[in-house]
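So the sequences go chain by chain: A and B. In the numbering used here, each number is its position in the first sequence, counted from 1, plus 3. In the numbering used here, each number is its position in the second sequence, counted from 1, plus 11. C-beta: ideal position from N, C-alpha, C; glycine also. Computed from a predicted structure; not experimentally measured.
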Amino acid sequence: MAALLSGLRVIELASDRAAYAGKLMGDLGADVIVVEAPGGHASRGYGPFVDDKTDPDRCLWWWNYNTSKRGVVLDLGTEAGREQFRQLAASADIVLEGEDPGALDALGIDHPQIRAGSPELIWVSVTPNGRRRPDLHEPATDLTILAAGGLAWNCGYDDHSLPPIRPSGGHAHHTASAFAIMGALTAVVHRDHTGIGQHVDVSMIAATNVTTEVSSIDYLYRGATNQRQTGRHASEHFTMGIQVQTGDGGYCTNPLGLTTAGNYQVVMDWLRELGLEDEFEEFFFLPMGVERGGVSLKVLGVDVEATEIYRAGREALYLIASKLTMAEYYVQAQQRGIACGAVYAPDEALADAHFRFRDYPVEVEHPELGRSFTYPGLPFTGASIPKTIRRAPLVGEHTQEVLAKLAIG
Amino acid sequence: MTSIARKDVPKSTALAHIRICDLTGLLAGAGATRFLAAFGAQVIRVEQPAHEKHRWDFLRGGMSPDGTKQGINFGGGFNNHNVEKLSVTLDLKSPEGKALLGRLVSKSDAVTENFSALVMGKLGFTYDWLKSHNDKIVYVANSGFGKEGPYSDFKSVGQVVQPVSGLTFMSGLPDQQPAGWGFAYMDHLGAYMMATAVLGGIISRNRTGQSQYIDFSCTEAGIGLAGPELLDSTVNGRPMRRPGKPNSNSDNFPPMVPHGIYPAAGDDNWVAIACRSDGDWAHLAQAIGADWARDPALATFAARMARRDEIDRRIAEWTAALERGKIEAAVRAAGVPVGQVARPADRIDNDPRTASWGLWPQVHHEEIGDVRVEGVPIHMSETDWSITRGAPCLGADNDYVYGSLLGMAPDEIADFRERGVI
């Protein structure tokens with residue numbers, strides 16, 4: 004079966020902001036052509052680099068965010084380069100870019116100019132604050148957007164003398180790129196139905212604002228302000244911790260606690276199997292948890308006996324965790340029906356048996372280096388989902404091939 | 012009782028020709044179809060009848076905003092995640108309920124669900140069953156670990172997906188336990204990926220005429236968000252668990268110094284500052300106005316990186332004495348990226364960037380009344396979104412869907428209601 008997005012052509016102006024959207028569309032089968040300035044886009048300088056050798060074609064940031072794309076170098080500082088871009092854009096279904104407001108207009112290659120002759124074209128812009136109010140545009144980075152957009156307020160530690168935490172990884176870009184692809188594909192569904200293209204304006208700060216789960220909703224609904232707490236949901240009230248430390252120094256989470264009678268029974272069985280029944284002095288609380296049919300989270304702090312049973316159950320998990328490795332505790336807890344997650348480093352997750360069983364890690368050939376490397380693959384499976392991805396383009400690798408095919412001078 | 016759309020706001024026509032038979036719930040699933048509904052898709056949420064205790068989406072129940080009323084239609088999160096949708100009740104375990112679901116599938120473009128991985132199969136609703144009712148159906152499933160594999164039946168919520176994918180590990184300070192995420196980030200990202208799969212499936216089906224089945228694994232989506240550092244591990248053999256990592260406020264692609272979240276005067280006030288270049292640093296140093304900052308020895312990135320901890324400490328000494336708005340204004344005036352760590356009130360009620368976007372639309376809900384919800388962070392020039400109708404009350408659209416859409420007679424509907432099929 005044809006790849007999911009095969010037949011769609013995307014012209015992407017290289018950027019930090021929209022690179023992930025282009026990568027996803029390329030990995031899903033669209034023909035994504037990323038346009039860079041001579042010498043390559045600045046992100047090829049971010050590193051890390053293969054074998055730590057600084058080189059625009061050995062940049063792992065570039066490799067990750069530009070898989071399955073073709074690469075074209077155009078000099079938009081010249082009229083010839085701009086004309087080539089206009090013709091490329093006119094050949095596309097979607098143009099994807101993350102330039103500051105006004106930058107493309109100054110070059111005469113913004114969407115009103117190009118879409119005037121191509122009304123079916125879809126043009127997606129990703130900027131810190133959207134294109135609507137250029138007067139509000141200001142310099143911004145992933146960090147400042149995640150701070151101003153409300154994400155950082157939710158993340159951090161019980162100890163509020165420590166700063167709120169911005170999780171690393173570029174999530175202002177990921178979140179905005181997710182909306183960029185959703186908007187682009189929505190516009191394609193509409194365009195295929197009506198023949199009419201349009202401009203899709205993505206605001207990174209708006210995307211962050213609506214990606215904070217209960218933080219926005221609790222405020223909108225009832226004026227509540229939540230407070231950050233170590234490793235668990237920020238909440239109006241202080242809640243009990245959900246992380247346990249394992250014997251190998253790692254951590255696991257038990258986000259749902261022990262609430263059912265079955266939970267208390269399996270913890271009793273687990274302690275016995277590990278020979279820990281005598282070591283755990285509060286064992287007697289556990290059958291009480293079974294007898295009363297579990298402990299509802301709603302009665303914690305209200306019903307003294309239930310609260311003590313719940314606390315003892317947590318103590319039991321702490322003891323069990325201290326005797327096992329992170330991977331053992333995670334799998335054994337889940338096999339006993341207790342919601343649990345190992346706090347893996349991402350490379351540990353990629354190496355885990357479950358994800359290998361599913362062929363999630365994929366081997367990507369780098370013929371110019373005579374090697375292949377393991378990449379994270381697509382989170383989708385299905386007959387139209389590609390099973391492999393292609394390595395990112397070298398600087399200008401496809402310039403001739405693309406321009407020749409379009410007969411662009 | 013039928014939900015009434017407000018007539019004064021035009022509905023988006025982007026997806027007005029698309030109908031979704033929506034078996035999702037919570038945020039990870041309902042958040043996907045919310046986006047489609049905002050762009051005009053007819054999203055019909057299928058839920059268990061009220062007589063089936065605890066069967067509905069547990070976000071559905073809750074307290075009214077003023078805390079005076081309680082019931083299955085009062086969940087604030089449910090209202091937010093299900094704006095602009097319809098609701099029907101249907102007992103998916105009864106033979107008549109299954110047959111009715113098949114009829115609804117026959118009239119739909121897509122079927123969406125985020126049950127635990129094995130539930131649809133156990134209920135008998137396999138891809139083949141869906142295709143037997145509609146040979147052009149787009150079926151998208153969303154679960155924590157995907158339909159196949161050793162962990163497929165593991166319990167999964169955001170605070171399981173985030174740790175197992177590595178996202179929790181990537182959030183924190185050196186020598187501290189993981190700070191993780193104070194909310195279910197992957198429920199959001201999972202919803203966005205699910206909507207992407209539905210839209211991609213519809214595009215493909217329209218072009219090929221073939222049905223689609225896409226299985227989405229939320230944990231795999233999370234792993235992929237650490238890409239450059241993952242490749243540093245798989246390509247260069249550098250493990251991500253190593254001393255000094257993570258240092259998530261400071262670390263970045265590209266690396267920057269200074270780059271962090273600094274204390275401001277008052278209780279729990281913080282400001283993020285990022286210097287992208289030596290030029291940004293020179294401007295920030297002028298704004299700080301102290302000799303240490305203007306030291307030419309700090310003019311280069313390499314020099315600042317070598318003294319990062321010291322620079323962070325000195326900036327914190329500067330910021331801690333100042334009111335956060337003043338820090339923000341001074342750094343902004345210097346042309347350097349800056350942002351307060353916004354509380355909900357700051358960004359929802361006092362930020363012109365969200366207000367001018369129309370990011371917090373008010374909806375009308377049949378029982379809750381008028382309440383603000385989240386808008387959509389994209390605007391489309393020709394077929395923009397609209398959100399004016401709150402989440403549907405349970406079964407609010409039974410008469411429309413079973414009567415007008417599926418052609419059942421009123422007495423037939425009444426009989427099904429009587430017997431708890433709907």
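Using the three-state DSSP reduction, which class does residue i fall into: helix, strand or coil?
i	result
N227/B	The question names Asn, but residue 227/B is Phe in the sequence shown. Reduced to three states, the DSSP call for F227/B is strand.
S14/B	Any reading at S14/B is ruled out, since the residue's pLDDT is 43, under 50, leaving its predicted position unreliable.
T484/B	This structure cannot speak to residue 484/B, because chain B is shown only from 12 to 433.
G51/B	coil
G412/A	Its pLDDT being 45, under 50, G412/A is placed unreliably in this model, and the coordinates cannot settle the point.
P189/B	coil
S117/B	helix
G255/B	coil
S176/B	helix
E1/A	Since the first residue of chain A shown is 4 and the last is 412, residue 1/A is not available in this structure.
I272/B	strand
A395/A	coil
I474/B	Only positions 12 to 433 of chain B appear in the structure, and residue 474/B is not among them; the question remains open.
F126/B	coil
L26/B	coil
R136/A	coil
A237/A	strand
H401/A	coil
G385/A	coil
I112/A	coil
W368/B	coil
L231/A	In the sequence as displayed, the identity of residue 231/A is Arg instead of Leu. In the structure shown, R231/A sits in a strand (DSSP, three-state: E or B).
S415/B	helix
S215/B	helix
Give the single residue among the options whose Cα lies nearest to the Cα of residue i.
i	options	result
F376/A	D54/A, T81/A, L139/A and A33/A	D54/A
E216/A	C158/A, T249/A, T197/A and N257/A	C158/A
F194/B	S219/A, M329/A and G226/A	S219/A
R318/B	L47/B, S154/B and A304/B	A304/B
R61/A	V398/A, L381/A and D108/A	V398/A
P41/A	T249/A, V269/A, W64/A and G74/A	G74/A
W65/A	D278/B, P239/B and T330/B	P239/B
E385/B	K22/B, L34/B and A49/B	A49/B
G244/A	E318/A, A330/A and L146/A	E318/A
W126/A	S387/A, D113/A and L7/A	D113/A
S171/A	P379/A, L146/A and L223/A	L146/A
F126/B	R315/B, E58/B, A341/B and S98/B	E58/B
R216/B	R343/B, P189/B and D146/B	D146/B
T189/A	G160/B, A25/B, D357/B and R252/B	A25/B
M267/B	S75/B, T245/B, I29/B and A313/B	A313/B
R324/B	R383/B, A52/B and H270/B	H270/B
S259/B	G292/A, R194/A and H174/A	H174/A
D77/B	R400/B, D408/B, V432/B and G380/B	G380/B
If you follow the alpha helix (DSSP H) that residue i is part of, which residue opens it and which one closes it?
i	result
V247/A	No alpha helix (DSSP H) holds V247/A; the beta strand (DSSP E) holding it covers Q246 to Q248.
M189/A	Position check: residue 189/A holds Thr in this sequence, whereas Met was assumed. T189/A -> alpha helix (DSSP H) spans H174 to T197.
H92/B	G87 to H92
Y138/B	Y138 to H144
M271/A	A264 to E276
P355/B	P355 to D360
R434/B	Nothing can be reported for residue 434/B, as the shown portion of chain B is limited to 12 through 433.
V342/B	R335 to A344
S218/A	V217 to R225
S244/B	G238 to N247
For the beta strand (DSSP E) containing residue i, name the first residue and the last one.
i	result
D432/A	This structure does not reach residue 432/A, given that chain A is present from 4 up to 412, and the question cannot be answered.
N153/B	V149 to S154
G316/A	No beta strand (DSSP E) holds G316/A; the alpha helix (DSSP H) holding it covers V307 to S325.
Q373/B	Q373 to H376
D204/A	H202 to S206
A283/B	W281 to A285
Quick one: measure Cβ to Cβ for residue i and residue j, integer angstroms, because I've assumed they're closer than 8 Å.
i	j	result
I312/A	F288/A	5 Å
D229/B	G155/B	The amino acid occupying residue 229/B in the given sequence is Cys; Asp does not appear at that position. Right, the Cβ-Cβ distance comes to about 5 Å (below 8 Å), so this counts as a contact.
E129/A	V205/A	With the sequence shown as reference, residue 129/A is identified as Val, and Glu is not the correct amino acid for it. About 4 Å; that satisfies the 8 Å criterion.
For this session: Could you tell me whether the stretch 60 to 76 of chain A touches the stretch 385 to 396 of chain A, where touching means 3 or more Cβ pairs closer than 8 Å?
Result: Touching, per the Cβ criterion.
Exercise. Should the stretch 379 to 393 of chain B be regarded as contacting the stretch 413 to 427 of chain B, the criterion being three or more beta carbon pairs within less than 8 Å?
Worked result: No, because fewer than three Cβ pairs between the stretch 379 to 393 of chain B and the stretch 413 to 427 of chain B fall closer than 8 Å, the two stretches do not touch.
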